[in-house]
Every structure is written in C-alpha cells, then in structure tokens.
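What follows is a set of notes on a single structure, which appears directly below.
Numbering (my numbering), first residue to last: 1467 to 1646.
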C-alpha cells in the first residue's frame, strides 16, 4: 500500500495545473465550459498530498465517454461515475506509478461544482481555517501513514463543517460583489 504523504504547499502545483489545463482544453475544447484547479494543491499555504485536482465543467458528461481513449493517451485512467450521476472521474499516474492528478468532470448544472469551488475559495480567504485544516491533515498523515480510509474519515467532519460555512460565505460574497 502506498504511504500517505502530506507535504507543505509548493507553488509548482499551480504551474502543473496550468500545463495540464492546456492539454485538456486542446483535447476537449468543444465540450469544456470551465477548468478549475481545486483541492488542497489549489490553496496557497495549505499542506497537501501532492496530487493536482482538476475540475472540468462540461455541457454533457456523457460525451466525455467518447474521449476515454484520448484521455488515456494523456495518462488518465477512467474510474467511471463513482456513484455521482453526471460525474466522470479519472486518475493520472506519474513515471513512478504514483497518482499525480485527479480529473473530476461534472455536468454544468451539478451542485458539486459550487461545493468544490466555494470550499477552495473559503480556505484561500480564511487563514485560520486553512491552518486548522492543514494541521489536521498533517496529524492524520502521521497517525495513519498507510491507511487512507482512516485518513479520509479523520478529515470528514472538518470538511463538512467547512463546506457548510464555505457555501454560505461564497453565495453571500458573490451576491455582494454582483451588486457593486
């Protein structure tokens, strides 16, 4: 089993995302509405597993099934819907066989988009919350270095807390911005 690694934030992650975004846009340009860097590597100052999470919003996720072969040529392995209708999930591996990227593809009307973007922006904005989450991730990676299930379960209640706060904050702040 692969050892969990949580490392300090690295600014290279933004560059890795932008590079990957360029490839994905060229491949799926007529289907892609938006491509965002999400997850912990998208949040400056947050410790993270060094895996680039990418959110791609598309008109119709079923059309992505026609591109599985092309995505495979870019190194992505299809993992299907993962129990979420309108979702396509892919993993990409580096030359060592470690996961380097997660690609989350959602239909444009998916409620998961708001959840993912608001969570990211909330932690980018609120330093104290980001530090709390960073400490928890670091502690869990020490307590459960080879048990990803325990690691994710250990983060679950804080993630849910932040998701509620983040969505409310995001919707309120975007309403306020739209009025000005």
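Here a beta-carbon is modelled for each residue, glycine too, at the ideal position from N, C-alpha and C.
Contact between residue 1617 and residue 1628 does not hold, since their C-beta atoms are separated by about 17 angstroms, which reaches or exceeds 8 angstroms.
If you ignore the 5 residues before and after residue 1471, its C-beta comes within less than 8 angstroms of the C-beta of 1515, 1516 and 1607, all in its own chain and listed in chain order.
Scanning 1469, 1582 and 1540 for the CA closest to the CA of residue 1523 turns up 1582.
Counting C-beta atoms within 10 angstroms of its own C-beta, residue 1526 has fewer than 16 neighbours from the protein chains shown and is therefore classed as exposed. The residue from 1490, 1600 and 1630 with its alpha-carbon nearest to that of residue 1620 is 1600. Considering only 1613, 1623 and 1579, the residue with the shortest C-alpha distance to residue 1504 is 1579. In the three-state scheme derived from DSSP, where H, G and I count as helix and E and B as strand, residue 1540 is classed as coil.
Contact between residue 1498 and residue 1473 does not hold, since their C-beta atoms are separated by about 30 angstroms, which reaches or exceeds 8 angstroms. For residue 1502, the enclosing beta strand (DSSP E) begins and ends at 1498-1504. Collapsing the DSSP output to three states places residue 1578 in a helix.
In this structure, the beta-carbon distance from residue 1588 to residue 1636 falls below 8 angstroms. Secondary structure note for residue 1493: its alpha helix (DSSP H) is the uninterrupted segment 1478-1494. Taken through DSSP and simplified to helix, strand or coil, residue 1566 comes out as strand.
The beta carbon of residue 1489 sits closer than 8 angstroms to the beta carbons of 1540 from its chain, once the five residues preceding and following it are set aside; these are given in chain order. The alpha-carbon separation between residue 1532 and residue 1573 amounts to approximately 15 angstroms. Around residue 1493, the same chain offers 1536 as residues with beta carbons nearer than 6 angstroms, after the five sequence neighbours per side are excluded. Within the DSSP bridge table, the entry for residue 1514 names 1473 as partners.
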